[in-house]
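Trainee: Chains A and B, in that order, give the protein sequences.
According to our numbering, the first sequence is numbered sequentially starting from 730.
According to our numbering, the second sequence is numbered sequentially starting from 45.
Built from N, CA and C at the ideal position, the CB exists for glycine as well.
I am attaching a structure below and will ask some questions about it afterwards.
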Amino acid sequence: MKKDLTWIDLGLISYEDAFVIQEQLHKKCVAESWPDTLLFQENFPVITLGRGTHEKNLLLTAAELLELGIALTAVSRGGDISYHGNGQFIVSPILHFDQYVKGAHQYVRCLEQVVINLLAHYQLKGKRIKGRSGVWVTEPGTGEDKKISALGIAVSHGVTLHGMSINVNPNLEHFKAIIPCGIEDKGVTSMEVCGCPPVTLSDLRDQFILTFDEMFGTQTTRRTISEIESR
Amino acid sequence: MKYEIAIPEFAEGAEEINLRQWLVAIGDTVKKGDNIAEAATDKISIYIESPADGVLSATLAAEDDRVLVGQIIGEIEG
Numbered sequence: 730m731k732k733d734l735t736w737i738d739l740g741l742i743s744y745e746d747a748f749v750i751q752e753q754l755h756k757k758c759v760a761e762s763w764p765d766t767l768l769f770q771e772n773f774p775v776i777t778l779g780r781g782t783h784e785k786n787l788l789l790t791a792a793e794l795l796e797l798g799i800a801l802t803a804v805s806r807g808g809d810i811s812y813h814g815n816g817q818f819i820v821s822p823i824l825h826f827d828q829y830v831k832g833a834h835q836y837v838r839c840l841e842q843v844v845i846n847l848l849a850h851y852q853l854k855g856k857r858i859k860g861r862s863g864v865w866v867t868e869p870g871t872g873e874d875k876k877i878s879a880l881g882i883a884v885s886h887g888v889t890l891h892g893m894s895i896n897v898n899p900n901l902e903h904f905k906a907i908i909p910c911g912i913e914d915k916g917v918t919s920m921e922v923c924g925c926p927p928v929t930l931s932d933l934r935d936q937f938i939l940t941f942d943e944m945f946g947t948q949t950t951r952r953t954i955s956e957i958e959s960r
Numbered sequence: 045m046k047y048e049i050a051i052p053e054f055a056e057g058a059e060e061i062n063l064r065q066w067l068v069a070i071g072d073t074v075k076k077g078d079n080i081a082e083a084a085t086d087k088i089s090i091y092i093e094s095p096a097d098g099v100l101s102a103t104l105a106a107e108d109d110r111v112l113v114g115q116i117i118g119e120i121e122g
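Shown next, in the form of structure tokens:
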């Protein structure tokens, strides 16, 4: 029997507002007053500084970022620096992962595989690189391996937070403001740059849900944010 | 009574685990199940819960230290 899962799409939203909702949802999932959920969002341009950020990985000043329309915010999570912005697909599965897979490591492998399978649907060949997190592709124009999907999860009280992003058609110039996750020798690319025909984030979301359901044996249906607030 | 805070098994086979941050300071009162520290591999971070009601009496590992599964990183005086 398939496990029921819920999905919510926050649309285009600031990182801070989405994070508040994610924490609220996580708390309710831990208390089991809300079902396990896939939370989708797209953020306005923002550079987030984790508690483990190395200053050298931020390459522009706050004034230069402002000129580019990129906000800068310190966040409570661990880890290094990251960028989010328009044209980037973000999904945070908030779920009791051990009800679906055996262990957090397998959970991460399955999430990576969902992205690889999803990219294959769009005729892109995603792969893992040993010692590096996320999903990578060989960029057709340069022949270089570049990251197309970043991944980072947290587990609190047995329920996951955060998740993954896929670069659909973001402004890749914005990534030049940082050394993403402190990885200096590898670049970042997008589905658009890799020759994928235009795809909307909502189309990608629907395909992601199908791919996720197939991998995790779930059946995912839509809920709205107002339903969370009323619980 | 002293309760040990250990790094749980959370990322099978992970070679590198870092203690990313302490979420409470020595002397802080905590309840059993409160998140008190965060440890992470390159892909997974886990919030470590207090094993008991009490006070954080010692930290045996510092932020950014490399730690092992099962390693005692602190103590709760309950």
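Measure the alpha-carbon distance for ASP72(B) versus PHE945(A) and round it to whole angstroms.
Mentor: Locating residue 72(B) in the second sequence gives position 28, counting from the first residue. Locating residue 945(A) in the first sequence gives position 216, counting from the first residue. Roughly 40 Å between the two C-alpha positions.
Trainee: Tell me the start and end of each unbroken beta strand (DSSP E) in the segment 802 to 839 of chain A that is at least 3 residues and wholly inside, in chain order.
Mentor: Here the runs fully enclosed are 810 to 813 and 817 to 823.
Trainee: Is it the case that the segment 871 to 879 of chain A contacts the segment 842 to 855 of chain A, given that we only count it when at least three CB pairs across the two stretches are under 8 Å?
Mentor: Yes: the two stretches touch, three or more of their Cβ pairs being nearer than 8 Å.
Trainee: When DSSP labels each residue in this structure, what does GLU902(A) get in the three-state scheme?
Mentor: Along the first sequence, read from residue 1 onward, the residue named residue 902(A) stands at position 173. Residue state, collapsed to three classes: helix.
Trainee: Within the same chain, show all residues whose beta-carbon is closer than 6 Å to that of ALA105(B), passing over the 5 residues directly before and after it, in chain order.
Mentor: Along the second sequence, read from residue 1 onward, the residue named residue 105(B) stands at position 61. Same-chain partners within the cutoff: LEU63, VAL111 and ILE117.
Trainee: Cβ of VAL843(A) within 6 Å of any heavy atom in the ligand NAD?
Mentor: Absence of the ligand NAD from the depicted structure is noted, as is the absence of any ligand whatsoever, leaving it without description.
Trainee: Around the C-beta of ASP86(B), are 16 or more other C-beta atoms found within 10 angstroms, so that it is buried, or is it exposed?
Mentor: Translated into the one-based positions of the second sequence, residue 86(B) becomes position 42. The residue in question, ASP86(B), is buried, as its Cβ has 16 or more Cβ neighbours within 10 Å.
Trainee: Alpha carbons only, please: which of LEU890(A), LEU754(A), GLY872(A) and ARG934(A) is nearest the one belonging to GLY740(A)?
Mentor: Locating residue 740(A) in the first sequence gives position 11, counting from the first residue. The option with the nearest alpha carbon to GLY740(A) is ARG934(A).
Trainee: Between which residues of its own chain and GLY814(A) is the CB-CB distance below 8 Å, once the five residues before and five after are set aside?
Mentor: Position 85 of the first sequence, counted from the first residue, corresponds to residue 814(A). Excluding sequence neighbours, GLY814(A) sits near ASN772, PHE773, PRO774, VAL775, ILE799, PRO899, ASN900 and HIS903.
Trainee: Rank LYS76(B), LEU67(B) and VAL68(B) by C-alpha distance to the C-alpha of TYR47(B) and give the top, closest one.
Mentor: Taking the second sequence and counting its residues from 1, the one referred to as residue 47(B) is at position 3. For TYR47(B), the nearest C-alpha among the options comes from LYS76(B).
Trainee: Quick one: what's ALA800(A) bridged to in DSSP?
Mentor: Here residue 800(A) corresponds to residue number 71 of the first sequence, with the count starting at 1. VAL775(A).
Trainee: Do ASP109(B) and SER94(B) count as a contact pair if the criterion is CB distance below 7 Å?
Mentor: For this step, residue 94(B) is matched to residue 50 along the second sequence. For this step, residue 109(B) is matched to residue 65 along the second sequence. No, the Cβ-Cβ distance between SER94(B) and ASP109(B) is not below 7 Å.
Trainee: Would you check if the segment 878 to 896 of chain A and the segment 824 to 834 of chain A touch, i.e. whether three or more CB-CB distances between them fall below 8 Å?
Mentor: Touching, per the Cβ criterion.
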